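Number of protein chains: 2
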Amino acid sequence: METKIRILLYEDNRDLREGMTFLLQATPGLSLIGAFPDTSNLEMQIPGLKPDVVLMDIDMPGRTGIEATPVVKALRPETQVLMLTVFEDEDRIFQAIRNGASGYLLKRTSPTEIIAAIHDVHQGGSPMTSSIARRVLHFFQQEQPVAKSHDYDLSPRELEIMKSLVKGYSYKLIADEHFISIDTVRSHIRHIYEKLQVNSKTEAVLKALKEKIV
Amino acid sequence: METKIRILLYEDNRDLREGMTFLLQATPGLSLIGAFPDTSNLEMQIPGLKPDVVLMDIDMPGRTGIEATPVVKALRPETQVLMLTVFEDEDRIFQAIRNGASGYLLKRTSPTEIIAAIHDVHQGGSPMTSSIARRVLHFFQQEQPVAKSHDYDLSPRELEIMKSLVKGYSYKLIADEHFISIDTVRSHIRHIYEKLQVNSKTEAVLKALKEKIV
DNA sequence: TTGGAAATAGCATAAAGAGGTGAAAAGATA
DNA sequence: TATCTTTTCACCTCTTTATGCTATTTCCAA
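Sequence order for the protein chains is A and B. FYI, the numbering for the first sequence is 10 to 223, going by the working numbering. FYI, the numbering for the second sequence is 10 to 223, going by the working numbering.
Shown next as structure tokens:
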């Protein structure tokens, strides 16, 4: 172990903050360089204290942990942000992740695991409470079923026309693009509408995009 | 602990398979009900053996673990599939996840952690080696930058109308939805077209979707 | 207080789109 | 061979959109 991991803690609940402070100070290899109840002085503290890892609560007065996270990453990209919170709704999880959090622990995580997680993020891992990980995976698994629902049996030509519609083309443009008469375009589009069960260009385009039949 | 967790192992490397077999048989609370070097008899084994958790190697002769995973989930959705592999390239990770894997461990994971992970998936978690988790998070963090180009200075009301357009509504429907006259709808849409530099509903909707100004 | 944007509305006209009907040619299939 | 599908085209009608011009009210800022 060369140098200690420099840790900053943001947590508004006093008991929790003090408990964590005690835990972190008692652990060899870690160095708690600050513990604050809110993120109002983030802009001073991050460049000044140069933390390796920030433990971030979500629900704090003033700026929430979710809002503070991108600020931390902007001020000091090499700092790893580890969310430590009670929330496990997908909205907040994904917001935190998108905003640059590198890990997401629920507060019910044991002290031993929290310490392990700190080492973990610091070494480039992304510790996550496994119920959080499950939600993240679910997100990926939900992607596909929407696609490939069915392709509505569009004929090859109809698919071509559909692609042009999705480019935002008018009937006239589509006719020119495919060297066919505008009446033929009308005809194809009519059939497309029947198959997709819609009755306007916009609806057809939206359905095509949503169900990825283009 | 009421009943033991029923485990099936697919792993082509004989040493590894036997090592895992030994480990799993020696662990109370777990019951290894089968260990196979390939997935050729998956269709018999899964319904017959009714595993709670399948430990799945990726690189196997015949059907790979990635190809086998959706088959397992189709045969018995309640079975949890835990990938156990040496690969950490994003392609394979995401393929496995999309195919229904509930966890992803690297083979260098310690026996203790593997045992913990098995209990974890069985209880609805998604254990992941934290370097794998990092890659998954990266995926989300890369999403955004495309968005928020500019919002074209649409007024609040225009944004409302825009949203209705993106729902595929006609002028008449939009008018009804917002309790305004159809001429007002026309007027708003005219302004929207000017600001977005388009001249049809479809183009406006496409631009709104692509640039995420809805 | 004057100017400007925002939201509302109306009228008019031309272009584009939607839907009905019909039909011919080519190719696939039963 | 007969039938079906696909692709092509035409004509007609009605509706919806696109666009030009004007105008009133409200509210905010210079």
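Every residue gets a Cβ at the ideal spot worked out from N, C-alpha and C, and that includes glycine. Only a predicted model underlies this, so the values are computations on that prediction, with no experimental measurement involved.
Sheet register partners of residue i (DSSP bridge)
i	result
ARG15(B)	SER40(B)
THR94(B)	LEU115(B)
MET137(A)	TYR113(A)
PHE45(B)	TYR19(B)
Where residue i falls: helix, strand or coil (DSSP)
i	result
MET29(B)	helix
MET65(B)	strand
GLN54(B)	helix
PHE149(A)	helix
PHE103(B)	helix
GLN89(B)	strand
LYS59(A)	coil
TYR180(A)	helix
SER220(A)	In the sequence under discussion, the amino acid at residue 220(A) is Glu, which differs from the Ser named in the question. If DSSP states are grouped into helix, strand and coil, GLU220(A) belongs with coil.
THR73(A)	coil
ILE189(A)	coil
ASP225(B)	Residue 225(B) lies beyond the range of chain B shown here (10 to 223); nothing can be said about it.
GLN206(B)	coil
LEU168(B)	helix
ASP24(B)	helix
LEU215(B)	helix
LEU174(B)	helix
ALA35(A)	coil
LEU228(B)	In the structure as shown, chain B begins at 10 and stops at 223. Residue 228(B) is therefore absent and cannot be evaluated.
VAL155(A)	Reliability of the predicted coordinates at VAL155(A) is poor, the pLDDT of 45 falling under 50, and the value obtained from them is presented with this limitation in mind. Note: VAL155(A) maps to helix in three-state DSSP.
C-beta contact flag for residue i and residue j at 9 Å
i	j	result
ALA83(B)	THR48(B)	no
SER173(A)	HIS200(A)	no
GLY112(B)	ASP129(B)	yes
PRO136(A)	SER139(B)	yes
LEU32(A)	LYS13(A)	no
SER209(B)	SER209(A)	no
LYS116(A)	ASP162(A)	no
ILE191(A)	ILE170(A)	no
ASP106(B)	VAL145(B)	Before going further, note that residue 106(B) is Ile rather than Asp in the sequence given. Yes.
THR211(B)	THR211(A)	yes
HIS197(B)	ARG166(B)	yes
When the options are compared against residue i, the one with the closest alpha-carbon
i	options	result
GLY57(B)	LEU17(B), VAL214(B), MET65(B) and SER119(B)	LEU17(B)
VAL80(A)	LYS59(A), GLN104(A), MET171(A) and GLY109(A)	GLY109(A)
ASN22(B)	THR94(B), GLN89(B) and ILE191(B)	THR94(B)
PHE103(A)	ILE124(B), GLN150(B) and ARG107(B)	GLN150(B)
ASP24(B)	THR36(B), ALA44(B), ALA35(B) and LYS13(B)	ALA44(B)
ASP160(A)	PRO37(A), GLY71(A), LYS216(A) and HIS131(A)	LYS216(A)
ASP61(B)	ILE75(B), ASP68(B), GLU87(B) and LEU114(B)	GLU87(B)
ARG15(A)	ILE141(A), ILE124(A), ILE198(A) and SER196(A)	ILE124(A)
PRO70(A)	ARG85(A), LYS59(A), ASN50(A) and VAL63(A)	ASN50(A)
GLN89(A)	ILE127(A), THR30(A) and ILE183(A)	ILE127(A)
ILE75(B)	THR118(B), ASP100(B), ALA142(B) and ALA213(B)	ASP100(B)
THR121(B)	ASP192(B), THR36(B) and SER190(B)	THR36(B)
LYS176(B)	LEU41(A), ILE183(A), VAL214(A) and ARG144(A)	VAL214(A)
GLN132(B)	LYS204(A), ALA142(A), ALA184(A) and GLN132(A)	ALA142(A)
LEU91(A)	GLN34(A), GLU20(A) and SER190(A)	GLU20(A)
LEU218(A)	LEU168(A), MET65(A) and ALA105(A)	LEU168(A)
ILE42(A)	GLY134(A), LYS59(A) and ASP68(A)	LYS59(A)
THR30(B)	VAL207(B), MET53(B), VAL63(B) and ILE55(B)	VAL63(B)
PHE96(B)	GLY28(B), ARG72(B) and ILE67(B)	ILE67(B)
GLU52(B)	ARG85(B), ILE198(B) and GLU27(B)	ARG85(B)
Residues in the region 120 to 140 of chain B with C-beta within 7 Å of chain A's C-beta atoms, listed in sequence order?
ASP129, GLY133, GLY134, SER135, PRO136, MET137, SER139 and SER140
Residues within the region 92 to 123 of chain B neighbouring chain A, beta-carbon criterion of under 9 Å
PHE103, ILE106, ARG107, ASN108, GLY109, ALA110, SER111, GLY112 and TYR113
Positions along the region 170 to 196 of chain B whose CB lies within less than 9 Å of some CB in chain A:
The residues in question are LEU174, VAL175, LYS176, GLY177, TYR178 and SER179.
Which residues, in chain order, does the region 49 to 67 of chain A contribute to contact with chain B at a C-beta distance below 8 Å?
none
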